[in-house]
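Engineer:
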Amino acid sequence: MSSLEIHSASVGDVLVVSAADNDDVSPIEEVRLTVSNDDDTTLPVWTFRMWFIGLFSCVLLSFLNTFFSYRSEPLQVTMISIQVASLPVGKFMARVLPTTKFKIPVVNKEFTLNPGPFNVKEHVLISIFANAGAAFGGGTAYAISIVDIIRAFYHRKIGFLASWILVITTQVLGYGWAGIMRRFVVEPAEMWWPSSLVQVSLFRAMHEKDNSRMSRGKFFLIALICSFSWYVFPGYLFPTLSAISWVCWAFPKSVTAQQIGSGMQGIGIGSFAVDWSVIASFLGSALVTPFFAIVNIFVGFALFLYVVLPTACWGLDLYQARNFPIFSSHLFNHKGEP
415 MSSLEIHSAS VGDVLVVSAA DNDDVSPIEE VRLTVSNDDD TTLPVWTFRM
465 WFIGLFSCVL LSFLNTFFSY RSEPLQVTMI SIQVASLPVG KFMARVLPTT
515 KFKIPVVNKE FTLNPGPFNV KEHVLISIFA NAGAAFGGGT AYAISIVDII
565 RAFYHRKIGF LASWILVITT QVLGYGWAGI MRRFVVEPAE MWWPSSLVQV
615 SLFRAMHEKD NSRMSRGKFF LIALICSFSW YVFPGYLFPT LSAISWVCWA
665 FPKSVTAQQI GSGMQGIGIG SFAVDWSVIA SFLGSALVTP FFAIVNIFVG
715 FALFLYVVLP TACWGLDLYQ ARNFPIFSSH LFNHKGEP
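Sequence positions in the sequence shown follow my numbering and run 415 to 752.
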């Protein structure tokens, strides 16, 4: 272990592994500031708590997301809900479960339902279980919709085994590609996932002790309360805050103004929102996405929507574009009549 330095803590027999040279230091600044290089090798991992909460979370999220996927507006229960909820549940189980040790005769080893305090490694594995149940942010397994279409729209029979194989193979396809491309897209330190850093930061806020004036846990609690309190306004009391367009307010009777300024039925020039769910609905949280990626997407978006589209629609009138609305789910004839 030339690239690692192993040292013991001053109290107890806690073994901590830390990075000692640049080989184990990430070249990405955001990763270095978020992910710790210390590893406490004495923490139990394969515990009864981890398996029980993890499997239950996986089944629960899989059922809920599949059930709600049939709604016209699907409700997705993501992994972060389990990430937050599993902490008090794990600590409760660590307090009430018996510490009695049971001997396993075949392998001559001991097993206990309660090996000690609930730790961060158990918490991470539980969240991985939950994330698998939530289809890694997709809500539900993609191939389930294929089975539904075969039975509901084509009125053809498909057996359980064939349906199960279809769903499983499509779900593990990503693991197969990751294994094939492991050398290029997994092992290099430059291949990082910005969204994963948010989860790492949350784990550290929940488990690490901070002696600063404002601890991470306290800041998380304050941000949670403020976010919940503010969402009452755009979500229930004043939905207008989700899409504010001063162009439409200034020219309420102008069709052209509605096409230019409306964020719902137009290109949204001058339109803005104070609803975080609207801001993060398409590309995810702007606090997670790197700045260079945001700039790259914005330049392409502005170039197409604010230059190419108006020029083609109002300047050149390509394909008689003036006869049709910019965004619509209805059908029209060649004259623009519904």
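C-beta: ideal position from N, C-alpha, C; glycine also.
Values in this document were obtained by computation on a predicted structure and should not be read as measured data.
1) Please return the same chain residues whose Cβ sits closer than 6 Å to the Cβ of R570, not counting the five positions on each side in sequence.
2) Do you know how far the Cα of T583 is from the Cα of N522?
3) Between which two residues does the alpha helix (DSSP H) carrying I540 extend?
4) Do A726 and L717 have their C-beta atoms within less than 8 Å of each other?
5) Return helix, strand or coil for K749, following the three-state DSSP convention.
6) Can you check the stretch 578-654 for any alpha helix (DSSP H) of at least 4 residues that lies completely inside it and give the ranges in chain order?
7) Which value, in whole angstroms, describes the spacing of the CA atoms of N747 and C472?
8) Grouping DSSP H, G and I as helix and E and B as strand, with all else coil, what is I564?
9) List the DSSP bridge partners of F516.
10) Kindly indicate which three-state DSSP category I683 falls into: helix, strand or coil?
11) Checking the sheet assignment: what are the DSSP bridge partners for I658?
12) So is F686 buried or exposed if we call it buried at 16+ other beta carbons inside 10 Å?
13) So, are the CB atoms of T526 and T513 less than 8 Å apart?
14) For Q673, which of I467, I518, A735 and K517 has the nearest alpha-carbon?
15) Taking E604 and P441 to be in contact with their CB atoms under 8 Å, please state how far apart those CB atoms are, rounded to whole angstroms.
16) Return the chain-ordered list of same chain residues with a C-beta closer than 6 Å to the C-beta of I496, the five sequence neighbours on each side being excluded.
17) Select from Y484, D562 and G504 the residue whose C-alpha is nearest the C-alpha of R463.
18) Apart from the five residues just before and just after L469, which ones in its own chain have a Cβ nearer than 7 Å to its Cβ?
19) Helix or strand or just coil, what does DSSP make of A557?
20) In this structure, does DSSP put A716 in helix, strand or coil?
21) How many angstroms separate the CA atom of A576 from the CA atom of K749?
22) Can you give me the C-alpha to C-alpha distance between V425 and F642, rounded to a whole angstrom?
23) Just to confirm the assignment: which complete alpha helix (DSSP H) runs, minimum length 4, are found wholly within the stretch 460-494?
24) Compute the Euclidean distance between the alpha carbons of N528 and G649, then round it to the nearest angstrom.
Structural biologist: Straight from the coordinates:
1) I564
2) Straight-line Cα distance between these residues: approximately 38 Å.
3) I540 -> alpha helix (DSSP H) spans V534 to G547.
4) No, these two residues do not count as a Cβ contact at 8 Å.
5) coil
6) 608-621 and 630-646
7) 49 Å
8) helix
9) F525
10) coil
11) F686
12) exposed
13) Yes. Within cutoff.
14) A735
15) Rounded to whole angstroms, the Cβ separation of E604 and P441 is 6 Å, and the two are in contact under 8 Å.
16) Hits under 6 Å: S471 and A544.
17) G504
18) F543
19) helix
20) helix
21) Their Cα atoms are separated by approximately 48 Å.
22) Low local confidence applies: a pLDDT of 42 at V425 is under 50, so the model's placement there is unreliable, and no value is given.
23) 462-482
24) 43 Å
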